[in-house]
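Position one of the sequence shown corresponds to residue 23 (my numbering), numbered consecutively onward.
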Amino acid sequence: MVKHVLFVKLKENTPEQCEKVKSLFLSMKDKVPMVRDIAVGIDYLHSERSYDVVLELVVDDREALEAYQVDPYHAGVVKPYIAEVRDGSTIVVDYEF
23 MVKHVLFVKL KENTPEQCEK VKSLFLSMKD KVPMVRDIAV GIDYLHSERS YDVVLELVVD
83 DREALEAYQV DPYHAGVVKP YIAEVRDGST IVVDYEF
């Protein structure tokens, strides 16, 4: 199994924007076939070091993660929207467990 963790800072850190990003990320559960599990969290601390939204998803293996990256819904809908609303800062960790 592989876990993909993505932290995103948003241009506009409003509750509405965070909820919209959360809903979009969660929509991948039913639309991206290689996603086995998904969790999304919204930061409540709002410190200088904080990122606004975190995505954690699980796929079967490295090949599934590569397929996820080019999946039409993820690459065509989710990624472009996140690129539009993020402030340029993201952190990603991918690891096997």
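Backbone N, C-alpha and C fix where the C-beta goes; we use that ideal spot for every residue, glycine too.
Beta-carbon gap between residue i and residue j smaller than 8 Å
| i | j | result |
| --- | --- | --- |
| LEU87 | ASP65 | no |
| VAL24 | VAL76 | no |
| ASP82 | ARG108 | no |
| ASP93 | VAL30 | no |
| ALA89 | MET50 | no |
Alpha carbon of residue i to alpha carbon of residue j, nearest angstrom
| i | j | result |
| --- | --- | --- |
| TYR103 | GLU38 | 15 Å |
| GLY63 | ASN35 | 14 Å |
| LEU79 | VAL114 | 12 Å |
| SER69 | GLY98 | 32 Å |
| ASP52 | VAL43 | 16 Å |
| VAL54 | ALA61 | 14 Å |
| HIS96 | LEU67 | 28 Å |
Residue i, enclosing alpha helix (DSSP H) - first and last residue
| i | result |
| --- | --- |
| TYR90 | 84-92 |
| TYR103 | 101-107 |
| PHE47 | 37-48 |
Contacting residues, own chain, Cβ-Cβ under 8 Å from residue i (five flanking each side not counted)
| i | result |
| --- | --- |
| LEU32 | GLN39, CYS40, VAL43, ASP74, VAL75, VAL107, ARG108 and ASP109 |
Cβ shell of residue i (< 7 Å), same chain only, five flanking positions each side left out
| i | result |
| --- | --- |
| PHE119 | MET23 and LYS25 |
| ARG84 | VAL24 |
| LEU46 | VAL100 and TYR103 |
| THR112 | LEU28, PHE29 and VAL30 |
Own chain partners of residue i with C-beta closer than 6 Å, once the 5 adjacent residues on each side are dropped
| i | result |
| --- | --- |
| LEU48 | VAL62 |
Enclosing beta strand (DSSP E) for residue i [first to last residue]
| i | result |
| --- | --- |
| LYS33 | From DSSP, LYS33 is part of no beta strand (DSSP E); its letter is neither H nor E. |
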